[in-house]
Amino acid sequence: MEHEISMTVNGVVHDLAVPAERLLLDCLRNDLDITGPKEGCSVGVCGACTVLVEGKPASACLLLAVRCDGMSICTIEGLAGESLHPIQQAFVDQGGFQCGICTPGMVLATKALLDENPNPSDDEIKHYMMGNLCRCTGYYKIVDAIRAAAAGLEQVPGDGA
Amino acid sequence: MRPFNLLSPESESELLEMLAEAGDDTRLIAGGTGILNLMKQRLASPETLISLHRVEGLSGIEMCDGELCLKAMTTLRDIEASPLVAGQWPVLPATLQEVASPRIRHMATIGGAIAHGDPNQDTPVTLTALDAEVLIRKRGQARRVPLGSFYTDYYETTLARDELVHAVAVPLPQPGAARFHKFAPRSLEDYACVSVAVRLDVVDGVCAAARICLGSVGPTIIRCQEAEALLDLRRIDAAIAEAAAASAAASTDPLDDTRGSAAYKRRMAAVWVRRVLTSAAQAAGIFDGV
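Dropping the structure here:
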């Protein structure tokens, strides 16, 4: 049986009919061709499929699409305006990625972190980001990028996009 | 994941009615971080899932009748961030900070964490040490079960198929202290090798009630009552802590896995019970020695 759902993804309303077992991750990637969220571990550990649901971080691989009916989803595709979002720019400037597969999740987890805690300590950054794994960078550049993003966002008051 | 039917009731009475009429192949889904993982691995293949996410009145943190009441759909992150919870039992947010990752804590619920029945979970270890009770409802009936007698085996609880975990009730603290530690040999978001929660109530400068509870080292959360009895009406020193740790370790029944051999886990249970008990006794002001 298919369920009629309506979700807002990156500001665009999508009306869909999905079976109960359709995961948000598959719905985004296969039904809506939004491929920023990646499938890594499929068990909620690696963070590659991190999206923001109603502004809070979630593993799209552990969320039924039906559950997102009426909700607002933000993926990496929804972050940039005319130019990169300051968090994205900080990851570029600091070299906070190599192969890039974890990067959409890293950037969205950073957004969730800085929305909750605009000025995190290094320990707070490391604790919050523990659920986003990177096999390339060794994490130092990612922490640098998050620190730079926090400093950058502080200088641009009101930019909470 | 095999296809299934999904029902999304909007009130608790509608939900309990569905549960009463449901077959054996019906399961509840709350945050989904437990059941969906089981379903993806085909360890569970329910025909029908009843989702709790639209049910009114199933989430929130309240003080009622002198207890802290954590309603089933409250996320672990909301409990971790609650000043009301931290003001009563700081050991609860301290425990939750070691559960999975912040992202998963935004999704996972306290009702799910209780009902899932995985002895590797951290939250029920601390809640058992705090004498929490599970508030269970079914059509026309309600009952309370101490968390300490709720679990019966790996992923098995006394919850019947037509019952719902409505909330968890935690008694308010007496003078004393409680401490939790998760020992994870690889990384913190992993399951524990062993997790330990200790609560000590203090009356007249001695231990009036003790709870020593262990996770990840047996088919259920383990309450070490023989070890607790060693502390009764005593002050704690290094020798008593060592004896209680040895007793607690003897009550474990761990499995060999990637977090250690059974023998290693038992040894670590002794080490961490000694350390957590010492730390709790120091915080409670009933430790003699350094």
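Residue numbers (this note's numbering), protein chains in the order written: chain A, 1 to 161; chain B, 162 to 451.
Each residue gets a CB set at the ideal place from its N, CA and C atoms; glycine is no exception.
Proximal residues of chain B, C-beta to C-beta of A:P57 below 8 Å: P263, R264 and H267
Would you tell me roughly how many angstroms separate the C-alpha atoms of A:E82 and A:K126, rounded to the nearest one? 30 Å
CB of B:T413 within 9 Å of CB of B:I383, strictly: yes
Mind listing, in chain order, the continuous beta strand (DSSP E) runs of no fewer than 3 residues lying wholly within the segment 184 to 257 of chain B? 187 to 190, 209 to 212, 222 to 225 and 228 to 232
Residue range of the unbroken alpha helix (DSSP H) whose run includes B:T284: Counting along the chain, the unbroken alpha helix (DSSP H) around B:T284 starts and ends at T284 to A290.
Does the separation of the CB atoms of B:G272 and B:L349 fall below 9 Å? no
Hey, is A:L133 close to the ligand MN, as in C-beta under 8 Å from one of its heavy atoms? Summarising the ligand content, the structure contains no ligands, and the ligand MN is consequently not present.
Would you kindly check if the distance between the Cβ of A:T50 and the Cβ of B:R264 is under 9 Å? yes
B:E350 touches chain A at which residues, Cβ-Cβ below 8 Å? V45, M130 and G131
Whole angstroms is fine: what's the gap from B:R428's alpha carbon to B:S262's? 27 Å
Contact criterion: CB-CB distance below 9 Å. Does A:H127 meet it with respect to chain B? yes
Counting only beta-carbon atoms, is A:M1 nearer than 9 Å to chain B? yes
Residues in the segment 187 to 199 of chain B with C-beta within 7 Å of chain A's C-beta atoms, listed in sequence order? The segment 187 to 199 of chain B vs chain A, Cβ under 7 Å: G193, T194, L197 and N198.
Any C-beta of chain A sitting closer than 9 Å to the C-beta of B:P164? yes
Hey, B:R360 and B:A255: beta-carbon distance below 9 Å or not? no
Does the distance from the CB of B:V363 to the CB of B:G446 come in under 9 Å? Between B:V363 and B:G446, the C-beta spacing is below 9 Å.
Alpha helix (DSSP H) segment containing B:T439, residue limits: Here the alpha helix (DSSP H) through B:T439 covers A423 to A445.
Please report the residue range of the alpha helix (DSSP H) in which A:F91 lies. P86 to Q94
Quick check on B:H214 - is its C-beta less than 9 Å from some C-beta in chain A? yes
Measure the CB-CB distance between A:L28 and A:G40 and report whether it falls below 9 Å. no
Pick helix, strand or coil for A:A161, following the three-state DSSP scheme. Unreliable placement is indicated for A:A161, whose pLDDT of 46 sits below 50; no coordinate value is reported for it.
Paired residues, beta bridge with A:E4 - DSSP: A:A17
Which residues, taken in chain order from the segment 54 to 88 of chain A, show a beta carbon closer than 7 Å to some beta carbon of chain B? K56, P57, A58, S59, L62, L63, L64, V66 and R67
State the DSSP-derived secondary structure class of A:I101, mapped to helix, strand or coil. coil
By Cβ distance, which residues of its chain are closer than 8 Å to A:N117, with the 5 residues on each side in sequence left out? E124 and Y128
Does the beta carbon of B:L180 sit closer than 9 Å to a beta carbon anywhere in chain A? Using a Cβ-Cβ cut-off of 9 Å, B:L180 does not count as an interface residue toward chain A, since no Cβ of chain A sits closer than that to its own.
Going by C-alpha to C-alpha distance, which of B:E171, B:C368, B:R340 and B:R305 sits closest to B:E455? Residue 455 of chain B cannot be examined here, being either before or after the span of chain B that is shown, 162 to 451.
Spell out the partners DSSP gives B:F448 in its beta bridges. B:I397
Can a CB atom of chain B be found closer than 9 Å to the CB of A:L23? yes
Does DSSP classify B:L333 as helix, strand or coil? coil
Ordered along the chain, which non-local residues of its own chain (more than five positions away) have a Cβ less than 7 Å from that of A:K141? Q94, G95 and G96
Any contact between the segment 388 to 395 of chain B and the segment 322 to 331 of chain B? By contact I mean 3 or more CB pairs, one from each, below 8 Å. No, because fewer than three Cβ pairs between the segment 388 to 395 of chain B and the segment 322 to 331 of chain B fall closer than 8 Å, the two stretches do not touch.
Collapsed DSSP secondary structure at B:Y315 in the structure displayed: coil
Euclidean distance between Cα positions of B:T318 and B:V286: 15 Å
Spatial neighbours of B:A407 within its chain, please: C-beta separation below 7 Å, excluding the five flanking residues on both sides. A431
is_contact[B:Q258, chain A] using C-beta, thresh 9 Å: yes
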